[in-house]
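Residue numbering for the sequence shown is 1 to 326, as defined by the UniProt record's numbering. I have placed the structure first, in the form of structure tokens, so that the comments after it can refer back to it.
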Amino acid sequence: MPYPNHTIIEFILRGFSDVPRLHILIFLLVLLIYLITLGGNITTFLLVCLNSHLHTPMYFFLANLSVLDMSSSTTALHKIFTLFILKDGTISYVSCLAQLFIFCSLTGDQIWILAAMSYDRYVAICRPLYYHMIMSWRCCVLLACVCWVLGFLEILPLVIILSHFTCYKSNKIDHFFCDIFPLIEITCDDKTAVDLYTYTVGLSHLTASFSFTFIPYVYIISCILHISSGAGRLKAFYTCSSHIIMVLMFYMAILLQYIILALINSNISKKLFAVLNTAIIPMLNPLIYSLKNNDVKLALQRMLKKKNKMLKCSNLIINSIMQNKT
């Protein structure tokens, strides 16, 4: 039975109700991944902010990516926790549209930040003599602002279209957060405008960002192949390897969640791959950079040493106070 818009004041997120036996396991797994995501990205952000030798364009964009990873994961996963702990899957109509808008915008921001990081690597390897002149702080801040604004502007028209839907077959969304396709599935309004926007603007967005991300690597690879020494080629490739891995993982997750799985009727598969995009990829990003980047590892070691020194000093002060009292 269709629900007129004025009677739809809230939706019910079904979460993983189709696999009730795995509720506890899924909850614990998602919680663990989320905590690692928060811990890893907060650590990366603090390392970049607190270490002056990491105040470079590459790490500036990495700090932006860490903020986006934390924000997108929190936006998508917080209802899983209320669903499991409070047994409450309800979400208001306005909150649902807000969640969809924020998550999709943050995903768009991530795509463009990755493109900006590609441009940074291109300048560093192909134009090393002009690197500091081209990638000035003014340029980096401007690039980051453009990336953030683009992500939010691209999804705004779609959310406006969705907000004008007045008829729903059900108020139950078979997902763990308000995403585009699960919401479209339950509407009985004309979906032509949504489909047109999704497949034209959405694909144009992906094609443009994909081009801006991978075309610089054509020049980077060409430049690396012209380096005479093997050690020089290896060093140049090593500086790009972490970013290449991040980009490939991110685009594969997007491809699986929104294109390939759109052709599959298995809802549980769609949800599991949504977890891949919303939880696992943001968790892996800081791990990839910290494991493959010596600067980050050195900064982390310095921070841990400072923390140990502070703990030792505080223990000495406490011990001296206790001895004076006795």
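All C-beta atoms in this analysis are idealised placements derived from N, C-alpha and C, irrespective of residue type, glycine included. Just so you know, these numbers come straight off a predicted model, no measurement behind them.
task = Give me the Cα-Cα distance between I255 and D179, rounded to the nearest whole angstrom.
result = In the sequence as presented, Ile is not what sits at residue 255; that position holds Leu. The alpha-carbon atoms of L255 and D179 are separated by roughly 15 Å.
key: Beta-carbon spacing of F214, V247 below 9 Å   = yes
request  = Provide the residue(s) that pair with K172 in DSSP beta bridges, ordered along the chain.
outcome  = I12
query = Considering only residues of the same chain and omitting the five flanking positions on each side of V67, which have a CB-CB separation below 8 Å?
reply = N41 and F45
message = Report the CB separation of L62 from L162 in whole angstroms; it is logged as a contact under 8 Å.
response = Incorrect: roughly 33 Å between the Cβ atoms, too far for contact.
ask   = Going by the beta-carbon positions, is the gap between A116 and L153 smaller than 9 Å?
value = Result no, Cβ atoms of A116 and L153 do not sit closer than 9 Å.
key: Three-state class that DSSP yields for I134 in the structure shown   = helix
request  = Name the one or two DSSP bridge partners that N91 has.
outcome  = Note on identity: in this sequence residue 91 is Ile, with Asn being the wrong assignment. Looking at the DSSP assignment, I91 forms a beta bridge with F11.
query = Which residues in the same chain have their Cβ closer than 7 Å to the Cβ of G15, if we skip the five residues on either side of it in sequence?
reply = I80, L83, G89 and F176
ask   = If you draw a straight line from the C-alpha of P157 to the C-alpha of H164, how long is it?
value = Answer to the nearest angstrom: the Cα atoms are 11 Å apart.
request  = Apply the 10 Å Cβ neighbour rule to P20 and answer buried if 16 or more other Cβ atoms are within range, or exposed otherwise.
outcome  = exposed
key: Best match in R233, G232, C167 and Y217 for proximity to H243 [C-alpha to C-alpha]   = Y217
query = When the distance is taken between beta carbons, is T278 closer than 9 Å to L114?
reply = no
query = Hey, is L225's beta-carbon within less than 9 Å of any beta-carbon in chain D?
reply = The structure shown has no chain D; it contains just one protein chain.
query = Which runs of the alpha helix (DSSP H) spanning at least 4 residues fall entirely within the stretch 195-219, listed in chain order?
reply = none
inquiry  = Just verifying my parser: in three-state terms, what is the DSSP assignment at K56?
reply    = As written in the sequence, residue 56 is Thr, which differs from the Lys given in the question. If DSSP states are grouped into helix, strand and coil, T56 belongs with coil.
request  = Check each candidate in S229, P182 and T56 and name the one with the smallest Cα separation from I268.
outcome  = P182
key: Buried versus exposed, by CB contacts within 10 Å (16 or more), L287   = exposed
task = Report the residue from S241, L284 and H226 whose alpha carbon sits nearest the alpha carbon of F250.
result = L284
key: Rounded C-alpha distance that separates D190 from M252   = So the two alpha carbons sit approximately 31 Å from each other.
Residue nearest to I227 in terms of C-alpha spacing, selected from M135, L272 and C126 = C126
Counterpart residues of L187 in DSSP-defined beta bridges = Residue identity check: residue 187 is Thr in the sequence provided, not Leu. Beta-bridge pairing links T187 to Y168.
ask   = In chain order, what residues of the same chain have a beta carbon less than 6 Å from the beta carbon of T74, not counting five sequence neighbours either side?
value = none
inquiry  = Considering Cα atoms alone, identify which of A236, G230 and S229 is closest to Y219.
reply    = A236
key: Neighbour-count burial assignment, C240, 16 or more Cβ in a 10 Å radius   = buried
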